[in-house]
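Enquirer: Please see the structure below; I have some questions.
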Amino acid sequence: MNIIWHERSKQFHLYNDFISYVMHVQPDGRLGQLYYGAKIHDKEDMTYLANYRMMPLTAYADIDVLYSADLNLQEYPDGGRDDFGTPAFRIFDEDGSGISGFCYVNHTITEGKKELPGLPATYASVGECMSLEIELFDALSNVAIRLLYSVFRDYPVITRSVTFENRGDKKVVLDRALSLSLDLPAADYEWMQFSGAWARERRPVTKKLKSGITAIESRRGHSSPHQNPFVIIKRPETGEESGEAMGFSFVYSGNFLAQAQVNANDRLRFAMGIHPETFSWQLAAGESFVTPEVVMARSDKGLGALSRTFHDLYNAHLVRGQWKGKERPILLNNWEATFMDFDEEAILKIAGKAAEAGAELFVLDDGWFGARDDDRRGLGDWIANPKKLPGGIKGLAEKVEAMGLKFGLWIEPEMVNPDSDLYRKHPDYALAVPGRKPSLGRWQMVLDYSRKEVVDAIHDMLYAVLKDAPVSYIKWDMNRSITECFSNEKKPEEQGKVYHQYILGMYSLYERLREEFPKILFESCSSGGGRFDAGMLYYAPQAWCSDNTDGQDRLQIQYGSSYGYPISSIGAHVSAIPNQQTGRSVPIEMRANVAMFGAFGYELDLNHISAEEFETVKEQIRFVKEHRALLQYGDFYRLRDPFYHDQAAWMVVSKDKKQAVLAVFTITANVNRIADRLQLSGLDPDRIYQAGESRYYGDELMHVGIAMREECIPGYTTEQDHSSAVLVLESVE
Ligand code: DGJ
Numbered sequence: 076m077n078i079i080w081h082e083r084s085k086q087f088h089l090y091n092d093f094i095s096y097v098m099h100v101q102p103d104g105r106l107g108q109l110y111y112g113a114k115i116h117d118k119e120d121m122t123y124l125a126n127y128r129m130m131p132l133t134a135y136a137d138i139d140v141l142y143s144a145d146l147n148l149q150e151y152p153d154g155g156r157d158d159f160g161t162p163a164f165r166i167f168d169e170d171g172s173g174i175s176g177f178c179y180v181n182h183t184i185t186e187g188k189k190e191l192p193g194l195p196a197t198y199a200s201v202g203e204c205m206s207l208e209i210e211l212f213d214a215l216s217n218v219a220i221r222l223l224y225s226v227f228r229d230y231p232v233i234t235r236s237v238t239f240e241n242r243g244d245k246k247v248v249l250d251r252a253l254s255l256s257l258d259l260p261a262a263d264y265e266w267m268q269f270s271g272a273w274a275r276e277r278r279p280v281t282k283k284l285k286s287g288i289t290a291i292e293s294r295r296g297h298s299s300p301h302q303n304p305f306v307i308i309k310r311p312e313t314g315e316e317s318g319e320a321m322g323f324s325f326v327y328s329g330n331f332l333a334q335a336q337v338n339a340n341d342r343l344r345f346a347m348g349i350h351p352e353t354f355s356w357q358l359a360a361g362e363s364f365v366t367p368e369v370v371m372a373r374s375d376k377g378l379g380a381l382s383r384t385f386h387d388l389y390n391a392h393l394v395r396g397q398w399k400g401k402e403r404p405i406l407l408n409n410w411e412a413t414f415m416d417f418d419e420e421a422i423l424k425i426a427g428k429a430a431e432a433g434a435e436l437f438v439l440d441d442g443w444f445g446a447r448d449d450d451r452r453g454l455g456d457w458i459a460n461p462k463k464l465p466g467g468i469k470g471l472a473e474k475v476e477a478m479g480l481k482f483g484l485w486i487e488p489e490m491v492n493p494d495s496d497l498y499r500k501h502p503d504y505a506l507a508v509p510g511r512k513p514s515l516g517r518w519q520m521v522l523d524y525s526r527k528e529v530v531d532a533i534h535d536m537l538y539a540v541l542k543d544a545p546v547s548y549i550k551w552d553m554n555r556s557i558t559e560c561f562s563n564e565k566k567p568e569e570q571g572k573v574y575h576q577y578i579l580g581m582y583s584l585y586e587r588l589r590e591e592f593p594k595i596l597f598e599s600c601s602s603g604g605g606r607f608d609a610g611m612l613y614y615a616p617q618a619w620c621s622d623n624t625d626g627q628d629r630l631q632i633q634y635g636s637s638y639g640y641p642i643s644s645i646g647a648h649v650s651a652i653p654n655q656q657t658g659r660s661v662p663i664e665m666r667a668n669v670a671m672f673g674a675f676g677y678e679l680d681l682n683h684i685s686a687e688e689f690e691t692v693k694e695q696i697r698f699v700k701e702h703r704a705l706l707q708y709g710d711f712y713r714l715r716d717p718f719y720h721d722q723a724a725w726m727v728v729s730k731d732k733k734q735a736v737l738a739v740f741t742i743t744a745n746v747n748r749i750a751d752r753l754q755l756s757g758l759d760p761d762r763i764y765q766a767g768e769s770r771y772y773g774d775e776l777m778h779v780g781i782a783m784r785e786e787c788i789p790g791y792t793t794e795q796d797h798s799s800a801v802l803v804l805e806s807v808e
């Protein structure tokens, strides 16, 4: 790993053992891109890659050099001048022009990586990472831009963020401030996005990148289940095991834009950042603005390796606190068992059975507070309902702990029902435009987290609940998108800040509670997986993946989530059948075999299953406890894609390759067919593995494959809907 500055050619080279990133100062002082790709030797001068020539309909910043930003790869492009592509930023000063001319001034190279104030970001210590800060300055507006790059030693990863600093004495307006713009010579590239909706989150969608714009976005105030802030750019031939792929992950949980633009000169411009259309930031004299971080990773060995880079990086350099790298407790959540209709006795009965089965944590979901007997009321009143819980949360939690379980609690702290004491007392705490009827979602409004006093008020209520009750886990929900994003307390020119300030307020509450209760394991949630992004993982190491707990649909949802997010972060539960969302009845074996590749738990009343099934549950819990470290932190390989096959398969392999767990699933039966072979991955070719009754060489399993039938995979058949099995592979000496 190194960052080199070539003074004579004015070129930067960031590299590690895997990747190189080369930039240069162009003839007019702007920063240009030269190369991003596999590691190459360092070279003094690569100006030959620039494109200084005369072309029709081109505007030239320097006609003598024939330099045009439109014909060259830019590092952080401005707008309104000779580059007709999408700008990375727009700054309007008092003359209203929105034109800037930022030139390279200086740079610093440091060891390690700085924090981004108030924002989630990857972290690394000296020796693990090097950082480069390049300062650009525009003399007319007196604004400085600092481009921040960090290159990791052990991962094919560079992170990026940008700081704007108003050094003048007049205000400017930042109308667009993306975190990353990356110009590449357009080749035959494909774009992969992860799209969906409630109950069908993060489905991979692949498109060809051709002339014009391809984009995804969220304007919903949360990253959303509709589009995930994670994009892969890859070659058409790139598959799981081979080929070039670049992944871009936005470490942010609010409105975003991710866009690729291929121009007529075959320049591919990828950009990612806060959505410019819901953002306008007035920067007063002396003020700064810092963008969230984008993590860019690269792979020459296919999508599987790209995903494993994100998994390992996020487990080691994004997740923080006591739960970092730790096996996640097996929980039982009462939501699908009772919804809001419960009292202490009913809860203790469910928790007691969970304890008997071997679960480690009981989670009390929605309905414990205020007048919350249905979803029309109560949000905002974070005081336990004495009719349901006479001893409050403390009383219940202590009883649950006495059963040998930890206790967890659901909250939805960003919301308020109009029918709540909080709203009756402070109607101005909700985001709304005075005089206009607010849009409701699930009968609730969104609290104005851009205001500190609102965040403080919620904090104080939650603190009072948590300070003396033994709460070990919090599920933090967020069940509607933001509308009428108008803050009652702000001046007109500050309204463009509210969406982003909301996110900063939400992060600040997470941070405060994390610091006050460092032992609590946080799980984020947004109507299932509506805020499953890298930003949240900095505060909550796991996320409820989807409200769709159907074992078959979960194959797709978890498969799609695994492209960008670690298995340890994917909250996955076994629920009752027929499934609440799909009506489907998937056997308990398959429900668990899917869910155990995640932060595993149950979401049903175990008193209501048969004695035989209860024994199965006990065995599942025993199995997960035995193999949990491998299931949650092993190298994950996607083997068979549930979107395109009537079967699915994936596996995890330990870092030392001595152990693996394979899981195979039949989605729909395929009768009267010769069982095919499933080629495994990630094993040591020279080791011998015991798998069930058989022994195989690693290379045999990877090149020949394992036969997809009962004799080789006990308990599995392709001839029956929802047959599934997990097979442990142990290396024998
Ligand atoms: C949505 C979540 O995704 C569910 O798991 C549950 O917590 C409900 N909200 C409760 O209102």
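Read in order, the letters of the sequence shown are residues 76 to 808 in my numbering. Even for Gly, the Cβ is constructed at its ideal location relative to N, Cα and C.
What did DSSP end up calling Gly676 once you bin it into helix, strand or coil?
Expert: Reduced to three states, the DSSP call for Gly676 is strand.
Enquirer: Under 9 angstroms, do Glu419 and Gly466 count as touching if we go by C-beta distance?
Expert: Yes.
Enquirer: Given this structure, state the Cα-to-Cα distance separating Lys188 from Ile94, to the nearest angstrom.
Expert: Their Cα atoms are separated by approximately 18 angstroms.
Enquirer: Using a threshold of 9 angstroms, state whether the C-beta atoms of Leu106 and Tyr179 are closer than that.
Expert: Yes. Within cutoff.
Enquirer: So, Trp273 versus Asp622, is the Cβ gap smaller than 9 angstroms?
Expert: It is a contact, given that the beta carbons lie within the stated cut-off.
Enquirer: For the ligand DGJ, is there a heavy atom less than 8 angstroms away from the beta-carbon of Lys550?
Expert: Lys550: yes, Cβ under 8 angstroms from the ligand DGJ.
Enquirer: I'd like to confirm something about Asn492: is its beta-carbon nearer than 8 angstroms to some heavy atom of the ligand DGJ, or not?
Expert: It does not: the Cβ of Asn492 is nowhere closer than 8 angstroms to a heavy atom of the ligand DGJ.
Enquirer: Could you name the residues whose beta carbon sits closer than 6 angstroms to any heavy atom belonging to the ligand DGJ, keeping them in chain order?
Expert: That gives Trp410, Asp440, Asp441, Trp485, Asp552, Asn554, Cys600, Ser602, Gly603, Trp619, Asp622.
Enquirer: Could you work out which residue in Ile174, Ala651, Leu211, His301 is closest to Glu411 when comparing CA atoms only?
Expert: Closest option to Glu411, Cα to Cα, is Ala651.
Enquirer: Taking the alpha helix (DSSP H) that Ile645 falls in, what are its first and last residues?
Expert: Run containing Ile645: none in the alpha helix (DSSP H); it sits in the beta strand (DSSP E), 645-650.
Enquirer: Is the distance from the Cβ of Ile308 to the Cβ of Glu265 below 9 angstroms?
Expert: Yes, the Cβ-Cβ distance between Ile308 and Glu265 is below 9 angstroms.
Enquirer: What whole-angstrom Cβ distance do Ala744 and Glu794 have, given they're in contact under 8 angstroms?
Expert: Going by Cβ atoms, the distance from Ala744 to Glu794 rounds to 5 angstroms, so yes, they are a contact pair.
Enquirer: Could you give the DSSP three-state label for Asp137: helix, strand or coil?
Expert: Here Asp137 sits in strand by DSSP.
Enquirer: Just to confirm the assignment, what range does the alpha helix (DSSP H) spanning Trp410 have?
Expert: Run containing Trp410: 410-413, per the alpha helix (DSSP H) assignment.
Enquirer: Starting from the Cα of Gln617, find the closest Cα among Gln707, Lys469, Glu564 and give me that residue.
Expert: The residue with the shortest Cα to Cα distance from Gln617 is Gln707.
Enquirer: Measuring CA to CA, which of Leu464, Leu471, Pro493, Asp416 is closest to Leu454?
Expert: With distances taken between Cα atoms, Leu454 lies closest to Pro493.
Enquirer: From Leu506 to Leu522, what distance separates their C-alpha atoms?
Expert: Spanning the two alpha carbons is a distance of roughly 6 angstroms.
Enquirer: By a C-beta neighbour count over all protein chains shown, 10 Å radius and 16 as the cutoff for buried, is Glu276 buried or exposed?
Expert: Glu276 should be labelled buried.
Enquirer: Let me make sure I understand the geometry here. Which of Asp731, Met347, His386 has the alpha-carbon closest to that of Tyr151?
Expert: Selected option, being the one with the closest Cα: Met347.
Enquirer: Would you call Gly155 buried or exposed, if buried means 16 or more other Cβ atoms sit within 10 Å of its Cβ?
Expert: Classification of Gly155: exposed, given that the 10 Å Cβ count is below 16.
Enquirer: How many Å lie between Arg295 and Gly271 at the Cα?
Expert: Each residue's Cα considered, the two are about 14 angstroms apart.
Enquirer: At the level of alpha carbons, what is the spacing between Asn303 and Phe325?
Expert: In a straight line, the C-alpha of Asn303 is about 9 angstroms away from that of Phe325.
Enquirer: Using 8 angstroms as the Cβ pair cut-off and three pairs as the minimum, do the region 600-607 and the region 245-261 touch?
Expert: Too few Cβ pairs lie closer than 8 angstroms, so no.
Enquirer: Quick one: what does DSSP say Glu82 is sitting in, helix, strand or coil?
Expert: Coil, per DSSP.
Enquirer: Keeping to the same chain, check which residues put their C-beta closer than 7 angstroms to that of Met478; ignore five residues upstream and five downstream.
Expert: Once the five neighbours on either side are set aside, the close Cβ partners of Met478 are Ala426, Gly427, Ala430.
Enquirer: Whose CA, out of Val801, Pro502, Leu439, lies closest to the CA of Lys481?
Expert: Checked all of Val801, Pro502, Leu439; the closest Cα to Lys481 is Leu439.
Enquirer: From Tyr634 to Ile138, what distance separates their C-alpha atoms?
Expert: Taking the straight line from one Cα to the other gives about 52 angstroms.
Enquirer: If you count every other CB in all the chains shown that lies within 10 Å of the CB of Arg452, and 16 or more means buried, which is it?
Expert: So Arg452 counts as buried.
Enquirer: If you compare alpha carbons, which of Asp213, Lys118, Ser798 is closest to Asp168?
Expert: Asp168 has its Cα closest to that of Asp213, out of Asp213, Lys118, Ser798.
Enquirer: Along the chain, where does the beta strand (DSSP E) containing Val369 start, and where does it finish?
Expert: Element bounds for Val369: 368-374.
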